[in-house]
Each structure stands twice: as structure tokens, then as C-alpha cells.
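Asker: Heads up, the numbering used here is the position in the sequence shown plus 154, with the first residue counted as 1.
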Amino acid sequence: MVRDKTHQETYEKLCDTAREAAMLDRIQCLLEWDERTKMPPAGGAYRADQAAYMAGLTHQKKTAPEIGAWLGALADCPLAADPNSDTGTVIRCLQRDYNKRARLPQSLVEELTRMSVLGQQRWAEARRDNDFTGFQPLLQKMVDLKRQEAAALGYETTPYDPLLDDYEPGASTAEVARVLKELREALVPLVAAIADSPHGVDASIVTRNFPIEAQESFGTEAAAAIGFDFAAGRLDVTDHPFCTGLGPGDVRITTRYDEHAFSDAFFGILHEAGHGIYDQGLPRADYGLPTGEDVSLGIHESQSRLWENQVGRSLAFWEYFFSAAQRAFPSALGSVQLPEFYSAINDVRPSLIRVEADEVTYNLHILIRFELELALIEDHLQVADLPAAWNEKYQHYLGIAPPSDAEGVLQDVHWSAGLFGYFPTYALGNLYAAQFFAQAQQDLGGLEEPFRRGQFGPLREWLRENIHAQGRRYTPAELVQRITGNPLSHEPLMAHLTSKYGEIYRL
Ligand code: ZN
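Right under this line is the structure:
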């Protein structure tokens with residue numbers, strides 16, 4: 155009895171410390187949100203110092219020796235007996251996080267954070283000036299730091315494993331490579347069949363003039379309709395859209411507008427709103443504890459891609475929304491028929507820019523990045539040779555080569571921010587999304603009818619109950635198995651793409 159009381163007290167102390175660490179994390183997120191939406195350029199150097207300082211504080215908080223002692227004391231106690239109970243989940247996940255973090259020297263954590271902020275600033279300049287050579291030393295430094303990090307974390311097979319595991323706990327490079335290879339083998343013939351189809355799509359409709367103010371209000375309306383709660387979140391403008399949670403009741407989403415690209419901002423907003431709905435659906439009372447945290451980046455991405463693609467690019471969604479779109483953009487869409495519009499937003503063609511890619515070719519963009527960053531981290535590719543390797547892979551997988559590095563290797567912020575091991579989670583997200591959506595349709599008896607009537611609540615509640623409310627109770631692989639009864643596979647995504655695009659392109 156006395157022992158149980160002691161365990162309970164130790165557990166409470168552990169939880170208090172985790173909640174304090176989460177506060178520090180969220181303060182860092184606020185600094186980053188500001189940096190990417192509002193901060194003037196001259197504020198950059200001091201912001202990098204602030205971010206590094208906060209990262210150091212957070213690291214100290216998360217690796218304090220007493221945490222190791224508490225976890226040791228709780229390891230075999232009744233609170234930890236069931237690894238998927240509330241207390242078992244908290245103990246298991248905090249142990250995992252502590253084991254990883256405690257291996258990293260504080261100096262390396264601070265240096266990585268400082269270089270990440272500086273790196274993003276230098277990347278923005280390099281992209282603007284199309285100057286890979288000027289960016290190269292910084293990227294080299296970042297690759298070196300990530301290799302140091304992998305060495306400190308330890309690995310058996312490849313230094314990429316511990317980096318990937320940061321974003322997708324439990325995933326292995328070999329397993330991800332296998333699933334993506336199966337996907338590629340099924341995808342490449344579909345892309346070719348679409349390219350050869352005589353029934354091309356007129357995508358020019360969505361590049362007409364779409365006034366930015368109307369895009370903002372229409373996008374906001376759609377995000378609210380699918381369930382993003384604007385009383386607990388907001389939408390701002392940035393260069394490289396993202397979503398970040400700043401606290402229970404404060405989720406920030408961002409987008410960028412182009413008057414002549416309706417799809418970019420609209421589907422971007424649905425995408426970020428999907429991330430936001432996940433964050434808003436996490437158990438609030440457990441904020442800062444593993445039971446109140448998202449599972450992984452891949453599962454996070456499944457929520458954004460599901461709302462963006464399976465829902466937002468479906469015919470049923472537009473049977474509900476198209477007349478509102480015509481009212482919002484009368485000069486662009488006033489005389490357009492729904493089938494033409496539906497085809498235009500689902501135009502498939504090989505393109506250079508990942509974030510503007512269609513649902514079918516998108517995963518090929520990810521595959522290229524996965525292969526290149528794996529080679530960089532494993533030291534099979536030198537930073538100086540990266541642009542040429544990038545262009546060669548685009549030619550090989552998509553049949554096009556970028557005319558400049560700005561539209562090629564410099565287009566994404568990730569590597570400049572030290573995010574190696576992150577790209578594959580986008581493809582995993584697409585795979586999870588298709589598998590979850592197929593299951594939701596089966597469980598809920600079809601979703602087209604509710605979508606036609608503007609009812610997105612049943613799907614949202616299904617996601618909330620099965621995924622959001624679970625926090626980190628299960629690993630990504632366990633979650634997929636539990637919800638769908640099967641391990642992750644490329645088949646549901648291929649079934650979705652083959653059926654949808656078979657119709658549009660009359661294959
Ligand atoms: Zn996303």
C-alpha cells in the first residue's frame with residue numbers, strides 16, 4: 155500500500171516535469187511561428203540565439219537525472235503493467251524519449267537548433283537568388299551535424315534509422331524503403347497511362363483570376379465546415395505553409411496565396427486544417443503528456459492528406475461546395491460546369507514543385523528526396539553533387555528536369571532546418587490516409603452521401619475516436635493494424651488512385 159502511494163507520487167512528479175517540458179516546447183513553437191509569419195528579417199540573428207537558448211533549457215528539463223531515476227523506479231510497478239493504459243503509455247513513451255535524448259550532448263542540441271534557424275534564413279536567400287553554391291557550406295555543416303546526432307543516438311544498420319525514428323517512432327529505413335518501392339512499382343505505370351490518355355484535362359480554369367481576399371474567406375469557410383475550430387486556432391500567411399500547436403485551444407495554420415493558382419491556397423488550407431483538426435482533437439486534459447500527444451509525423455500527415463485529397467478533391471465534396479465557389483469567384487467560375495472544375499482540380503501531370511504536385515505524382519517527389527537524403531546521411535553522395543543528382547532523378551522518375559536550382563534542389567526548407575528523415579513521413583501519410591479512409595467508409599456505410607449534404611461530422615468523429623483521442627497509446631504500425639485489421643500497405647492508396655483517375659482519364 156505504501157509502495158503504491160510512493161509510485162503514485164513518483165508518477166505525478168514525472169507528469170509535472172513532462173508538462174513543464176511541454177510548456178518550454180510550446181514557447182519554442184511560438185518563437186518559430188512568429189519567425190515564419192511576422193518577424194522582420196533583421197530579427198533573425200537574435201531569434202536564432204533565443205531558439206538555441208530555449209532548446210538548451212528544454213533539453214536540460216527533459217534529461218534531468220531525476221527523470222531517469224523516477225522512470226527506473228516506475229519501470230516494473232503496477233502503473234506500468236499495461237503498456238497501453240494511460241499510465242503505462244505515459245511511462246513507456248517518456249522512457250523512450252528520455253533514452254534517446256539523454257544520449258545527445260546539450261552542446262549538439264543547441265548547435266543543431268541555432269544552425270536550423272540560420273539555415274532556414276540562408277535557404278530563403280539562396281532560393282530567392284538561385285544560389286546553391288552560396289548555400290552549400292551551410293548544408294554541409296547541417297549534414298555533418300545530423301551524422302553526429304545519428305552517431306550519438308546509435309544505430310545498427312544505417313545512421314538514417316535513428317533520424318527517421320525521431321519522426322516515425324519504430325519505423326525502420328528498410329521497411330519504409332520496401333513499402334515505397336512497392337508503391338513506386340505500381341505508380342509509375344499509372345502515371346504513364348494518364349500521360350498517354352487522349353482524354354486530357356483543361357487545368358487552365360484554376361489559373362484564372364481568383365482575388366486573394368475571396369480565396370481567404372472561401373478557404374476559411376471550408377476549413378470551418380470540415381471542423382477546424384477558429385475559436386481555438388487561426389490562419390495566417392507564410393512562405394512555406396505549416397501548422398503548429400501552441401497550447402490546448404491554440405492551433406495555428408498558415409498558407410500562401412497566388413491570384414492565379416486557386417488550388418495552391420485552397421487545398422493548402424484544407425491540408426493544414428487537417429493537421430489542425432488532429433491537434434484540436436487530442437485529449438486536452440492530457441496536454442503535455444504522451445496520452446495527449448500526436449503519434450508521429452506520418453500519422454499527422456495522414457490527417458492532412460485525408461482532408462485535402464480523399465475529401466477535398468472528391469466529386470461529392472464539390473457537389474456541396476461548387477455553387478459557393480461560383481459565388482465567391484464569379485468571373486473565374488461563373489460559367490464553368492462542375493465536371494470541368496472537378497477535372498481541373500484533379501489534373502495530373504509531372505511537375506517540378508512538390509507542394510504543387512497532384513495526388514498521383516506527389517509520392518514520386520518524396521521518393522526522390524528520400525533516396526537523396528539517405529545517400530547524404532550514409533555518405534554515398536556529397537553535398538556538392540546534390541544538384542546534379544537531384545536533376546537526374548527528376549529526369550528519371552518524372553521525365554522533366556528543373557531549369558534552375560530554385561525550382562529544383564532549393565525548393566524545400568527541410569534540409570536547411572536539419573529535417574533529415576522527415577520526407578518519407580509525407581508518403582507514409584498518403585498511405586495511412588488511404589487505408590484509414592477506406593476503413594472509415596466501410597465502418598460508416600459510405601461517405602459520399604453525407605459529403606454531398608455538407609456533413610463532415612461523421613468522418614471527423616470517426617477520426618477523433620479512432621486516432622486523435624488515442625494520443626501516443628499505440629505506435630503508428632499498431633494503430634494501423636488495430637484500426638484497419640491490416641499492416642500498412644500501398645494497396646488502398648493504389649485502389650483509390652486507380653479508380654478515381656481511371657474515371658477522369660477514361661483509362
Ligand atoms: Zn502536412
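Each residue gets a CB set at the ideal place from its N, CA and C atoms; glycine is no exception. What you are looking at is a predicted structure, and each value in this text was computed from that prediction instead of being measured.
For F382, which residues of its own chain have a beta-carbon under 6 Å away from its beta-carbon, when the five flanking residues on both sides are left out?
Answerer: As a first step, residue 382 is located in the sequence shown; it is residue number 228 there, counting from the start. For F382, where only same-chain residues beyond five positions count, the Cβ hits under 6 Å are A427, G430 and I431.
Asker: For the 8 Å Cβ check, are there 3 or more pairs between the segment 460-473 and the segment 266-284?
Answerer: No contact exists between the segment 460-473 and the segment 266-284.
Asker: Report the start-end ranges of each alpha helix (DSSP H) in the segment 299-329 that is 4 residues or longer and not cut off at the edges.
Answerer: With a minimum length of 4 residues, the continuous alpha helix (DSSP H) runs that stay inside the segment 299-329 are 314-321.
Asker: Pick out whichever of Y496, G198, P343 and I245 has its Cα sitting closest to the Cα of F416.
Answerer: For this step, residue 416 is matched to residue 262 along the sequence shown. Here the closest residue by C-alpha is Y496.
Asker: Go ahead and pull the three-state DSSP assignment for T392.
Answerer: Looking up residue 392 in the sequence shown gives position 238. In this structure, T392 counts as coil in the three-state DSSP scheme.
Asker: Could you pull out every unbroken beta strand (DSSP E) segment of at least 3 residues lying fully inside the segment 373-423, listed in chain order?
Answerer: Fully enclosed beta strand (DSSP E) runs of 3 or longer: 387-391, 397-401 and 404-409.
Asker: CA-CA distance, M155 and L225?
Answerer: One-based indexing of the sequence shown puts residue 155 at position 1. One-based indexing of the sequence shown puts residue 225 at position 71. Unreliable positioning characterises M155 in this predicted model, as indicated by a pLDDT of 47, which lies under 50. The coordinate reading is nonetheless provided below. Cα to Cα, M155 sits roughly 20 Å from L225.
Asker: Confirm, please, whether the CB-CB distance from T445 to R627 is below 8 Å.
Answerer: In the sequence shown, counting from the first residue as 1, residue 627 sits at position 473. In the sequence shown, counting from the first residue as 1, residue 445 sits at position 291. Cβ distance < 8 Å, so R627 and T445 count as in contact.
Asker: Which residues end up in the neighbourhood of the ligand ZN when you take C-beta atoms closer than 6 Å to any of its heavy atoms?
Answerer: Any residue whose Cβ sits closer than 6 Å to a heavy atom of the ligand ZN makes the list: H425, H429, E455 and S458.
Asker: So T515 and L552 are in contact, right, with Cβ under 8 Å, and what is the actual spacing, rounded?
Answerer: Indexing the sequence shown from 1 puts residue 515 at position 361. Indexing the sequence shown from 1 puts residue 552 at position 398. Indeed they touch by this definition, with Cβ atoms about 7 Å apart.
Asker: Do the segment 350-358 and the segment 528-545 meet, that is, are 3 or more Cβ pairs less than 8 Å apart?
Answerer: No, the segment 350-358 does not touch the segment 528-545.
Asker: Beta carbon of K300, beta carbon of G572: below 8 Å?
Answerer: Here residue 300 refers to the residue found at position 146 when the sequence shown is read from its first residue. Here residue 572 refers to the residue found at position 418 when the sequence shown is read from its first residue. Yes; because the gap between Cβ atoms is below 8 Å, this pair is in contact.
Asker: Residues in the same chain with beta-carbon distance under 6 Å from T638, minus the five sequence neighbours each way, listed in chain order, please.
Answerer: Counting from one through the sequence shown, the residue named residue 638 turns up at place 484. Only Q589 and Q593 meet the Cβ criterion.
Asker: Restricting to Cα atoms, I'd like to know which of M296, K295 and A325 is closest to Y309.
Answerer: As a working mapping, residue 309 is identified with position 155 in the sequence shown. Selected option, being the one with the closest Cα: A325.
Asker: Can you name, in chain order, every residue of its own chain whose Cβ lies under 6 Å from the Cβ of R173, other than the five neighbours on each side?
Answerer: As a first step, residue 173 is located in the sequence shown; it is residue number 19 there, counting from the start. The answer, listed in chain order, is G442.
Asker: Would you decide whether G488 is buried or exposed? Buried here means 16 or more other CB atoms lie within 10 Å of its CB.
Answerer: If you number the sequence shown from 1, residue 488 lands on position 334. By the 10 Å Cβ count, G488 comes out exposed.
Asker: State the Cα-Cα distance for the pair D404 and Q182, rounded to the nearest angstrom.
Answerer: Here residue 404 refers to the residue found at position 250 of the sequence shown. Here residue 182 refers to the residue found at position 28 of the sequence shown. Rounded to whole angstroms, D404 to Q182 spans 14 Å at the Cα level.
Asker: Using only CA atoms, which one of L292, H550 and V465 lies nearest to G611?
Answerer: In the sequence shown, the residue the question calls residue 611 occupies position 457. The shortest Cα separation from G611 among L292, H550 and V465 belongs to V465.
Asker: DSSP state of Y628, grouped into three classes?
Answerer: Translated into the one-based positions of the sequence shown, residue 628 becomes position 474. In the structure shown, Y628 sits in coil (DSSP, three-state: anything other than H, G, I, E or B).
Asker: Using the beta-carbon count (16 or more within 10 Å), is D434 buried or exposed?
Answerer: As a working note, residue 434 is residue 280 in the sequence shown. In the sequence as presented, Asp is not what sits at residue 434; that position holds Gln. When all chains shown are included, Q434 counts as buried.
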